[in-house]
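In full-length UniProt numbering, the protein residues as written are 1 to 605.
Worksheet for the structure shown next.
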């Protein structure tokens, strides 16, 4: 992603004006060189294929945000909970990091270290293991899969195949995630009336030791007909089965973590199932969440799921195709369609969002098809949606629900996955079938900005609406108005509306409308505008009216803040977040609502 200098210009002009008067326009101005994030794991990517893949995700996310420092802190001598706990406390104590992300290998050591860290005010995101402890240790968000559910899915599937004598093998002693995984497997097995024979640990890292352990277990439980284990156990377990002359074709084997070799084995009926938790995203998403959090986002959900997905012979084909690198199913024949109600050629905000989607598509090897309109027109947007006959998924703005509901319902009836972005937070909820909304709660945006203005002394506010018939802009102005009402203050009222409708693409008309309004109602001392184009036009007001120039100077003296709502760098990564989730065959719902207020400072941000 490139620096957002064009977008930051307007906010910076006002910041500079107010700083000259010894005031500050920003609660928190952001420079990328100030951001430094740590990713702390309980194993070593040099020796662990799983963590090597996860680290690749972390690195890819870091490279997408040029100038931000992301550090990997790993165990140096194999799995070591005590060392990981010390790494967490050292990183927090150093004061170098804006936030941390960490696995929760165990509660006694790592969980306790995270809890001490968060209680000191350091933000920690957790991922991979320890999902059951995340909330209690103070994690801002847990990224990964519910491990109990991954084991439960595997157990249910083996039961459906008529298996009876089971065992669950863990790869690490004391790993909270693996304990929970086997508990889920055991629960499903016992519910189905199967025999849960044994749960044991075969420490990964030395295939000879795994082989010896499996020979011992299978000698004691020779009637075993299904084993749930990690992919690192697979080869030594097969060797143990052959050594004991057991019927390998009768023993179902299920593993966790998919790669090309595993997908080929399932496709060729040499392996029963694999649970996929998308380790790449367990590296990618922690960086993304730490970045968003630094920009003062409010991440309100507890989990961001990357799994579990279960693959067997019936559904492994598309995954195998993707992993082979020779797949066309997710590219030209099955792209992701992005539908927006703006024009990225003339509106830098939409260009920013599209750039983010393109970057994510590049990172994950998928194609996107962009559909946009040149001028705001819901009929054109409806026509674009109706033109999509098939797709891996569709991400779309929903600026006007009544105009687009029929088109979206038709798309849903054809089993096309829909995710809304930017506009339409309320619409996506009311429709019921939109998987998630990526963006802000529009009412809350207006409400927060109004309160920020009132905290700076504004008694009467003006909300500018630059698009007639858009639900989003009206909803923001509703939140803006209600915040003023709750604090016994007032907003500008135009007829039956609580906003001034302006012509965003006509600077002369906009200048005239705003100037006349401010001259006619001198009590207005705060303005909320929702468009880059409106903001740019406001900068030119002094060229059209000496009266407006005087009002602008009065704004500076009286702490009046112009909030450039569309300076949303996080919308890029949210668009990316959509593409990342769509890029894999199984789709997990990202339950994120991100809210934003504040400003950015021109520089390397």
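Every residue, glycine too, gets a C-beta built ideally from N, C-alpha and C.
Note that the structure is a prediction, hence the values are computed from the model and not measured.
If you look at residue 277, you'll find it isn't in any beta strand (DSSP E); DSSP assigns it neither H nor E.
Taking C-alpha positions only, residue 318 is separated from residue 279 by approximately 18 Å.
At the C-beta level, residue 253 and residue 234 come within 8 Å of one another. In the DSSP assignment, residue 210 falls outside any beta strand (DSSP E) and within the unbroken alpha helix (DSSP H) covering 207-220. Classified as exposed, residue 191 has fewer than 16 neighbouring CB atoms from the shown chains inside 10 Å of its CB. In the DSSP assignment, residue 420 falls within the beta strand (DSSP E) that extends over 418-422. With respect to the 8 Å criterion, residue 417 and residue 393 are classified as neighbours on the basis of their beta carbons. In this chain, residue 123 is not harboured by any alpha helix (DSSP H), its DSSP state being neither H nor E. As the crow flies, the alpha-carbon of residue 407 is around 39 Å from that of residue 264. Listed in chain order, the beta strand (DSSP E) elements of length 3 or more contained wholly in the segment 221-286 are 226-228, 252-256, 273-276.
Distance check between residue 65 and each of 322, 202, 292, 153 places 292 closest, using alpha-carbon atoms only.
Under the DSSP assignment, residue 370 falls in the beta strand (DSSP E) whose first and last residues are 368-372. One Cα belongs to residue 373, the other to residue 397, and the distance between them is close to 12 Å.
Three or more Cβ pairs closer than 8 Å define a contact, and the segment 160-171 falls short of that threshold against the segment 41-55. Ranked by how close their Cα comes to the Cα of residue 142, the residues 151, 149, 132, 395 have 132 in first place. Looking at the DSSP output, residue 448 bridges to nothing.
Residue 84 and residue 75 have their C-alpha atoms some 6 Å from each other. Short of 7 Å from the beta carbon of residue 434, and not among the five residues preceding or following it, lie these beta carbons of its own chain, in chain order: 418, 419, 420, 428.
Its chain contains 188 as the residues whose beta carbon lies nearer than 6 Å to that of residue 156, once the 5 sequence neighbours on both sides are disregarded; these appear in chain order. Judged by DSSP secondary structure, residue 409 falls within the alpha helix (DSSP H) whose first and last residues are 401-413. Only exposed fits residue 244, as fewer than 16 other CB atoms lie within 10 angstroms of its CB.
In the pairwise beta carbon analysis, the segment 446-463 is classified as touching the segment 477-494: at least three pairs are separated by under 8 Å. Counted as a single uninterrupted DSSP element, the beta strand (DSSP E) harbouring residue 69 occupies residues 69-73. For residue 508, the uninterrupted alpha helix (DSSP H) run begins and ends at 507-520, by DSSP. If you draw a 10 Å sphere on the C-beta of residue 173, you find fewer than 16 other C-beta atoms in it, and that means exposed. For residue 283, the closest C-alpha among the options 335, 70, 514, 358 is that of 70.
Leaving aside the five residues that flank residue 231 on each side, the residues in its chain whose CB is nearer than 7 Å to its CB run, in chain order, 255, 256, 257, 262.
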